[in-house]
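Below is one structure; the comments refer to it alone.
2 protein chains.
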Amino acid sequence: MESIVVQKYGGTSVGNIERIFNVANRVIATKNKGNKVVVVVSAMGDTTDELVEKAKQINPNPSNRELDMLLSTGEQISISLLAMAIQSLGHEAISLTGPQCGILTTSNHKNARIEKINSNRIKKELEENKIVIVAGFQGANENGDITTLGRGGSDTSAVALSVAINANKCEIYTDVDGVYTTDPRLVPTARQISKVSYDEMLELASLGAGVLHPRSVELARKYNMTLIVRSSLSNNPGTEVVEVNAMENTIVSGVALDKNIAKISVIEVPDKPGIAFKIFSALASNNIYFDMIIQNVNRAHVNDITFTVKIDELHEALEVTKKISDEIGAKEVLCDESVVKVSIVGTGIAGSADIASSFFQTLYDLGINIQMISTSEIKISCIINEDNGINALNALHEKFCNNNPIEENKAV
Amino acid sequence: MESIVVQKYGGTSVGNIERIFNVANRVIATKNKGNKVVVVVSAMGDTTDELVEKAKQINPNPSNRELDMLLSTGEQISISLLAMAIQSLGHEAISLTGPQCGILTTSNHKNARIEKINSNRIKKELEENKIVIVAGFQGANENGDITTLGRGGSDTSAVALSVAINANKCEIYTDVDGVYTTDPRLVPTARQISKVSYDEMLELASLGAGVLHPRSVELARKYNMTLIVRSSLSNNPGTEVVEVNAMENTIVSGVALDKNIAKISVIEVPDKPGIAFKIFSALASNNIYFDMIIQNVNRAHVNDITFTVKIDELHEALEVTKKISDEIGAKEVLCDESVVKVSIVGTGIAGSADIASSFFQTLYDLGINIQMISTSEIKISCIINEDNGINALNALHEKFCNNNPIEENKAV
Numbered sequence: 330m331e332s333i334v335v336q337k338y339g340g341t342s343v344g345n346i347e348r349i350f351n352v353a354n355r356v357i358a359t360k361n362k363g364n365k366v367v368v369v370v371s372a373m374g375d376t377t378d379e380l381v382e383k384a385k386q387i388n389p390n391p392s393n394r395e396l397d398m399l400l401s402t403g404e405q406i407s408i409s410l411l412a413m414a415i416q417s418l419g420h421e422a423i424s425l426t427g428p429q430c431g432i433l434t435t436s437n438h439k440n441a442r443i444e445k446i447n448s449n450r451i452k453k454e455l456e457e458n459k460i461v462i463v464a465g466f467q468g469a470n471e472n473g474d475i476t477t478l479g480r481g482g483s484d485t486s487a488v489a490l491s492v493a494i495n496a497n498k499c500e501i502y503t504d505v506d507g508v509y510t511t512d513p514r515l516v517p518t519a520r521q522i523s524k525v526s527y528d529e530m531l532e533l534a535s536l537g538a539g540v541l542h543p544r545s546v547e548l549a550r551k552y553n554m555t556l557i558v559r560s561s562l563s564n565n566p567g568t569e570v571v572e573v574n575a576m577e578n579t580i581v582s583g584v585a586l587d588k589n590i591a592k593i594s595v596i597e598v599p600d601k602p603g604i605a606f607k608i609f610s611a612l613a614s615n616n617i618y619f620d621m622i623i624q625n626v627n628r629a630h631v632n633d634i635t636f637t638v639k640i641d642e643l644h645e646a647l648e649v650t651k652k653i654s655d656e657i658g659a660k661e662v663l664c665d666e667s668v669v670k671v672s673i674v675g676t677g678i679a680g681s682a683d684i685a686s687s688f689f690q691t692l693y694d695l696g697i698n699i700q701m702i703s704t705s706e707i708k709i710s711c712i713i714n715e716d717n718g719i720n721a722l723n724a725l726h727e728k729f730c731n732n733n734p735i736e737e738n739k740a741v
Numbered sequence: 330m331e332s333i334v335v336q337k338y339g340g341t342s343v344g345n346i347e348r349i350f351n352v353a354n355r356v357i358a359t360k361n362k363g364n365k366v367v368v369v370v371s372a373m374g375d376t377t378d379e380l381v382e383k384a385k386q387i388n389p390n391p392s393n394r395e396l397d398m399l400l401s402t403g404e405q406i407s408i409s410l411l412a413m414a415i416q417s418l419g420h421e422a423i424s425l426t427g428p429q430c431g432i433l434t435t436s437n438h439k440n441a442r443i444e445k446i447n448s449n450r451i452k453k454e455l456e457e458n459k460i461v462i463v464a465g466f467q468g469a470n471e472n473g474d475i476t477t478l479g480r481g482g483s484d485t486s487a488v489a490l491s492v493a494i495n496a497n498k499c500e501i502y503t504d505v506d507g508v509y510t511t512d513p514r515l516v517p518t519a520r521q522i523s524k525v526s527y528d529e530m531l532e533l534a535s536l537g538a539g540v541l542h543p544r545s546v547e548l549a550r551k552y553n554m555t556l557i558v559r560s561s562l563s564n565n566p567g568t569e570v571v572e573v574n575a576m577e578n579t580i581v582s583g584v585a586l587d588k589n590i591a592k593i594s595v596i597e598v599p600d601k602p603g604i605a606f607k608i609f610s611a612l613a614s615n616n617i618y619f620d621m622i623i624q625n626v627n628r629a630h631v632n633d634i635t636f637t638v639k640i641d642e643l644h645e646a647l648e649v650t651k652k653i654s655d656e657i658g659a660k661e662v663l664c665d666e667s668v669v670k671v672s673i674v675g676t677g678i679a680g681s682a683d684i685a686s687s688f689f690q691t692l693y694d695l696g697i698n699i700q701m702i703s704t705s706e707i708k709i710s711c712i713i714n715e716d717n718g719i720n721a722l723n724a725l726h727e728k729f730c731n732n733n734p735i736e737e738n739k740a741v
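Here the protein sequences line up with chains A and B, keeping their order. The first sequence runs 330 to 741 under the working numbering. The second sequence runs 330 to 741 under the working numbering.
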């Protein structure tokens with residue numbers, strides 16, 4: 330039986346005419362192996378940024394609906410050009426916008442969520458033996474208004490379509506060879522991982538390892554869709570994201586450094602029930618992501634509450650927090666942008682008591698002060714001063730990923 | 330009662346940010362006078378040409394469907410930016426693509442015809458007091474595939490929408506003050522006409538006077554929609570296109586020069602029934618426009634057939650003609666690109682016997698050889714050598730439009 334493969338190519342992979350033909354050839358090669366192929370593409374190179382820039386020149390606060398109308402043209406240009414390239418190489422191809430693919434989303438413009446996919450059109454075109462090229466990052470709400478899916482939207486489109494058409498696998502093409510134990514630009518000894526679990530990938534993605542967007546990984550995990558991260562410029566097999574029981578017996582899969590965070594502290598919060606709730610529900614209702622909450626008692630009936638936010642949401646987060654802070658009678662709101670988060674991720678973390686102590690020991694040996702700690706089944710994260718980030722990352726990678734000393738210890 | 334005004338702005342009118350704001354201000358001014366306003370816009374400046382160029386770099390013969398997918402982004406960018414501009418000036422606006430406006434077309438990509446408009450969405454937005462901005466030039470076929478309407482498509486969109494929503498008038502904004510007696514760049518004494526009939530406008534448009542596309546004028550005539558041609562850069566009232574009985578008593582409204590034609594001759598065609606039919610039905614089925622057919626008998630049972638085509642369709646027309654020519658056993662196919670068409674247009678032409686002789690006399694006085702002649706109720710056209718074009722145009726304008734000598738004659 331023919332298998333169905335969904336391939337997603339990012340903006341750099343279709344950044345110019347030569348690269349568009351590179352993608353066209355890869356897609357055709359996959360088709361020639363006897364697969365039905367659906368290709369999801371992003372906007373070419375910097376197109377999206379250029380369109381946003383144009384919008385800002387006209388209106389510093391453009392409406393989200395009109396911004397979606399504008400931005401969605403970026404992918405529409407890529408899909409038509411890729412279809413033309415494939416056709417010029419003698420193969421049948423058809424491009425479809427998000428709305429044409431039946432991708433129904435919420436009306437939350439600029440950050441819509443996929444609600445349903447009516448995949449009849451795609452299936453019909455696949456049955457007619459065409460290569461189907463789909464605009465990533467976009468859909469339409471129930472009124473037919475064009476929506477975009479926000480960050481990582483094209484990855485999400487690819488996984489959601491894979492699920493909708495029951496694809497055998499979803500390949501995410503990018504400009505690196507796969508998922509690494511850590512960022513190779515920061516740690517020269519970083520090595521590529523052949524398999525990683527959804528949960529680990531999720532942590533690595535949300536920690537700024539950056540190859541895949543968490544939303545797409547969550548979706549793949551939910552429907553158990555095989556996800557493969559590969560380079561569009563090499564033939565490296567890449568990294569397969571799989572269920573945890575399909576994993577090799579590694580304890581720590583990766584080490585991550587997230588520089589794009591900031592710390593907000595609300596000082597001297599009256600110690601009454603529901604106060605923390607007020608702050609975090611206000612942030613949530615403004616779609617601001619927060620993390621790593623710490624509440625420490627200073628003196629009787631007064632607390633400090635500290636949490637981290639994404640640096641590009643800091644301005645908005647501060648506004649919301651200050652407003653609530655005034656309402657609840659806190660003393661002041663402080664913020665610190667000079668922090669980073671280092672983390673280790675691995676399915677074996679919860680099962681090994683040594684790991685946490687080994688983690689803290691490594692930072693202690695470097696004389697690094699830990700400001701905040703957060704742990705989960707498969708992750709340990711610390712907030713430290715940004716000056717220590719690279720050092721900590723290298724030491725943690727050396728400790729957990731290169732020589733696998735923990736596994737050795739465990740074996741003893 | 331509030332009236333509904335449809336305004337169409339061409340690509341140069343929205344060619345940069347300053348001009349987009351100029352359009353935004355005009356639209357708002359119209360709204361502030363108590364009108365409901367629908368604005369139809371083309372792609373900014375040279376966007377369409379740039380997109381075509383990009384496509385050709387990838388595929389010298391891109392599929393029309395994919396070309397439509399690509400080109401339609403041009404208008405989508407304009408409408409979102411214009412909506413943002415109007416919003417930044419404090420007014421409610423919403424942009425809609427052709428498909429979102431319910432513009433249902435044939436599937437003839439690159440040159441689709443509007444079949445039906447479901448105007449519910451536009452009406453709903455107008456009722457909510459919004460300025461509605463519509464992407465001209467585009468629609469969707471019954472499968473939801475994006476189509477474009479070909480040359481003059483945005484004018485056609487504007488008129489068709491005006492009819493669908495029962496607008497009081499349709500204003501076509503351009504970079505000239507209205508319709509002129511002839512091209513002011515070629516004839517310095519050309520003057521703007523305040524009123525012209527649909528039929529005259531149709532002839533002027535199809536003869537290369539160029540302000541309005543014939544399809545839009547035909548549609549306006551069919552539904553008796555008041556059409557106004559105005560400048561987006563001045564407050565000149567422009568030219569109103571009206572029914573013939575609303576006309577002033579001018580005999581000749583305009584003089585036109587069409588340089589974009591070429592002459593094709595099929596030499597020594599066997600004189601059998603149905604031969605001419607074969608040539609012209611083949612051209613028609615290839616969507617090639619032809620005009621000015623002459624068939625002259627050379628000798629017994631052999632004819633020459635000569636006709637004109639648009640210069641940008643010459644290549645295709647020659648291919649089709651040569652194929653048929655071989656089939657029917659004609660001797661050869663010749664072509665001549667060094668020809669132009671001069672014409673006079675006016676509702677009074679059929680009623681005045683003097684006009685034709687005066688027309689030919691004018692060319693004769695200049696020593697110009699007439700190669701082909703064609704006349705209608707409201708038009709006389711001649712094919713002459715291109716070197717004589719400007720001279721002929723000026724002389725005919727002087728004769729018929731400036732001093733109105735015919736009217737004087739008539740009065741005698």
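Beta carbons are placed, not taken as given, at the ideal position from N, Cα and C, and that holds for glycine.
Between B/G468 and B/A441, which are expected to be in contact by the criterion C-beta below 8 angstroms, what is the C-beta distance as a whole number of angstroms?
Taking the first residue of the second sequence as position 1, residue 468 of chain B is located at position 139. Taking the first residue of the second sequence as position 1, residue 441 of chain B is located at position 112. Contact flag correct, Cβ pair sits at about 6 angstroms.
Per DSSP, what kind of secondary structure is B/F466 in: helix, strand or coil?
Residue 466 of chain B sits at position 137 when you count from the first residue of the second sequence. Coil, per DSSP.
Using a Cβ-Cβ cutoff of 9 angstroms, what residues of the stretch 383–410 of chain A are near chain B? List them in chain order.
If the cut-off is 9 angstroms between Cβ atoms, the stretch 383–410 of chain A has K383, A384, Q386, I387, N388, P389, N390, P391, S392, R394, E395, L396, D397, M398, L399, L400, S401, T402, G403, Q405, I406, I408, S409 and L410 near chain B.
If you check the beta carbons only, do B/K524 and B/V463 fall under 8 angstroms apart?
Walking along the second sequence from the start, residue 524 of chain B turns up at place 195. Walking along the second sequence from the start, residue 463 of chain B turns up at place 134. Contact: no.
To the nearest angstrom, report how far apart B/V366 and B/N495 are at their CA atoms.
On the second sequence, residue 366 of chain B is found 37 positions in, with the first residue counted as 1. On the second sequence, residue 495 of chain B is found 166 positions in, with the first residue counted as 1. If I take the Cα positions, the gap works out to 12 angstroms.
Within the 8 angstroms Cβ cut-off, does B/G340 reach chain A?
Taking the second sequence and counting its residues from 1, one reaches residue 340 of chain B at position 11. With 8 angstroms as the cut-off, B/G340 does not count as an interface residue toward chain A.
Can you check which of these residues, A/A613, A/F636, A/K607 and A/V631, is closest to A/D620 by C-alpha distance?
Here the question's residue 620 of chain A lines up with position 291 in the first sequence. Ranking A/A613, A/F636, A/K607 and A/V631 by Cα distance to A/D620 puts A/F636 first.
Less than 8 angstroms between the beta carbons of A/M413 and B/A372, yes or no?
As a first step, residue 413 of chain A is located in the first sequence; it is residue number 84 there, counting from the start. As a first step, residue 372 of chain B is located in the second sequence; it is residue number 43 there, counting from the start. No.
Any contact between the stretch 671–679 of chain B and the stretch 705–716 of chain B? By contact I mean 3 or more CB pairs, one from each, below 8 angstroms.
They touch, by the three-pair rule.
At the level of alpha carbons, what is the spacing between B/I593 and B/L663?
Start at 1 with the first residue of the second sequence, and residue 593 of chain B comes out as number 264. Start at 1 with the first residue of the second sequence, and residue 663 of chain B comes out as number 334. In a straight line, the C-alpha of B/I593 is about 6 angstroms away from that of B/L663.
Out of A/I617, A/F350, A/N632 and A/V595, point me to the one whose CA is closest to A/K601's CA.
Counting from 1 along the first sequence, the entry for residue 601 of chain A is found at position 272. Closest option to A/K601, Cα to Cα, is A/N632.
So what's A/M413 in DSSP terms, helix, strand or just coil?
Looking up residue 413 of chain A in the first sequence gives position 84. DSSP places A/M413 in helix when its eight states are reduced to three.
What residues in its chain sit with their C-beta under 8 angstroms from that of A/E347, if we drop five residues either side in the sequence?
On the first sequence, residue 347 of chain A is found 18 positions in, with the first residue counted as 1. Excluding residues within five positions, none has a Cβ falling inside 8 angstroms.
Runs of 4 residues minimum, wholly inside the stretch 572–611 of chain A: which ones carry the alpha helix (DSSP H) assignment?
Listed in chain order, nothing qualifies, since the stretch 572–611 of chain A has no complete alpha helix (DSSP H) run of 4 or more residues.
Check the Cβ-Cβ distances between B/G473 and every residue of chain A, and say whether any is below 8 angstroms.
Within the second sequence, numbered from 1, the residue matching residue 473 of chain B stands at position 144. Yes, contact with chain A.
For the stretch 415–449 of chain A, enumerate the residues whose C-beta is nearer than 7 angstroms to any C-beta of chain B, in chain order.
The stretch 415–449 of chain A vs chain B, Cβ under 7 angstroms: Q416, S417, S424 and Q429.
Given a cut-off of 8 angstroms, decide if B/N361 and B/V334 are closer than it, judged by their beta-carbon atoms.
Walking along the second sequence from the start, residue 334 of chain B turns up at place 5. Walking along the second sequence from the start, residue 361 of chain B turns up at place 32. Not a contact, by the Cβ cut-off of 8 angstroms.
Taking all protein chains shown into account, decide if B/Q405 is buried (16 or more other Cβ within 10 angstroms of its Cβ) or exposed.
For the purposes of this step, residue 405 of chain B is taken as residue 76 along the second sequence, with counting starting at 1. Buried is the call here.
I'd like to know if A/A493 contacts chain B, where contact means its C-beta is closer than 8 angstroms to some C-beta of that chain.
Start at 1 with the first residue of the first sequence, and residue 493 of chain A comes out as number 164. Closer than 8 angstroms: no.
Taking all protein chains shown into account, decide if A/E379 is buried (16 or more other Cβ within 10 angstroms of its Cβ) or exposed.
In the first sequence, residue 379 of chain A corresponds to position 50, counting from 1. A/E379 is exposed by the Cβ-count criterion.
Quick check on B/I346 - is its C-beta less than 8 angstroms from some C-beta in chain A?
Within the second sequence, the letter at position 17 stands for residue 346 of chain B. At least one chain A Cβ lies under 8 angstroms of B/I346.
Are the beta-carbon atoms of A/T511 and A/H726 separated by less than 8 angstroms?
To locate residue 511 of chain A, count along the first sequence from 1; it is residue 182. To locate residue 726 of chain A, count along the first sequence from 1; it is residue 397. Yes, Cβ-Cβ distance for A/T511 and A/H726 is below 8 angstroms.
For B/Y618, is the classification buried or exposed, using 16 other Cβ atoms within 10 angstroms of its Cβ as the cut-off for buried?
Stepping through the second sequence from its first residue, residue 618 of chain B is reached at position 289. Exposed.
Got a sec: is the Cβ-Cβ distance from B/A591 to anything in chain A below 8 angstroms?
In the second sequence, the residue the question calls residue 591 of chain B occupies position 262. So no, B/A591 is outside the interface.
First and last residue of the alpha helix (DSSP H) that includes A/R355?
Taking the first sequence and counting its residues from 1, the one referred to as residue 355 of chain A is at position 26. Its alpha helix (DSSP H) spans residues I346 to N361.
Can you tell me where the alpha helix (DSSP H) with B/R544 in it begins and where it stops?
Start at 1 with the first residue of the second sequence, and residue 544 of chain B comes out as number 215. Note, B/R544: alpha helix (DSSP H), P543 to K551.
Which one or two residues does DSSP pair with B/C664 in a beta bridge?
Walking along the second sequence from the start, residue 664 of chain B turns up at place 335. Note: B/C664 sits in a beta bridge opposite B/I593.
What does the alpha-carbon distance come out to for the pair A/K607 and A/G374?
Counting from 1 along the first sequence, the entry for residue 607 of chain A is found at position 278. Counting from 1 along the first sequence, the entry for residue 374 of chain A is found at position 45. In a straight line, the C-alpha of A/K607 is about 41 angstroms away from that of A/G374.
Hey, B/S545 and B/A487: beta-carbon distance below 8 angstroms or not?
Within the second sequence, residue 545 of chain B is the residue found at index 216, counting from 1. Within the second sequence, residue 487 of chain B is the residue found at index 158, counting from 1. Result yes, Cβ atoms of B/S545 and B/A487 sit closer than 8 angstroms.
Tell me the rounded alpha-carbon separation between B/S417 and B/S342.
Looking up residue 417 of chain B in the second sequence gives position 88. Looking up residue 342 of chain B in the second sequence gives position 13. If I take the Cα positions, the gap works out to 19 angstroms.
Give the secondary structure of B/T434 by DSSP, where H, G and I count as helix, E and B as strand, and everything else as coil.
Locating residue 434 of chain B in the second sequence gives position 105, where the first residue counts as 1. The answer is strand: DSSP assigns B/T434 an E or B state.
Among residues of its own chain, excluding the 5 on either side of A/S710, which ones have a beta-carbon nearer than 6 angstroms to its beta-carbon?
Counting from one through the first sequence, the residue named residue 710 of chain A turns up at place 381. Counting only Cβ-Cβ distances below 6 angstroms, and skipping sequence neighbours, we find K670, S672 and S703.
Hey, quick one: how far does the alpha helix (DSSP H) through A/K383 stretch, first residue to last?
Residue mapping note: residue 383 of chain A aligns to position 54 of the first sequence, counting from 1. From DSSP, the alpha helix (DSSP H) with A/K383 extends over T376 to I387.
To which residues does DSSP link B/I729 through a beta bridge?
Looking up residue 729 of chain B in the second sequence gives position 400. A small correction: the amino acid at residue 729 of chain B is Phe; Ile does not occupy that position in the sequence shown. DSSP lists no partner for B/F729.
Pull up the CB-CB distance for A/I557 and A/E500, whole angstroms please, since I reckon it's below 8 angstroms.
Taking the first residue of the first sequence as 1, we reach residue 557 of chain A at position 228. Taking the first residue of the first sequence as 1, we reach residue 500 of chain A at position 171. Confirmed, Cβ separation roughly 5 angstroms.
If you count every other CB in all the chains shown that lies within 10 Å of the CB of A/K459, and 16 or more means buried, which is it?
Residue numbering aside, residue 459 of chain A sits at position 130 when the first sequence is read from its first letter. Buried is the call here.
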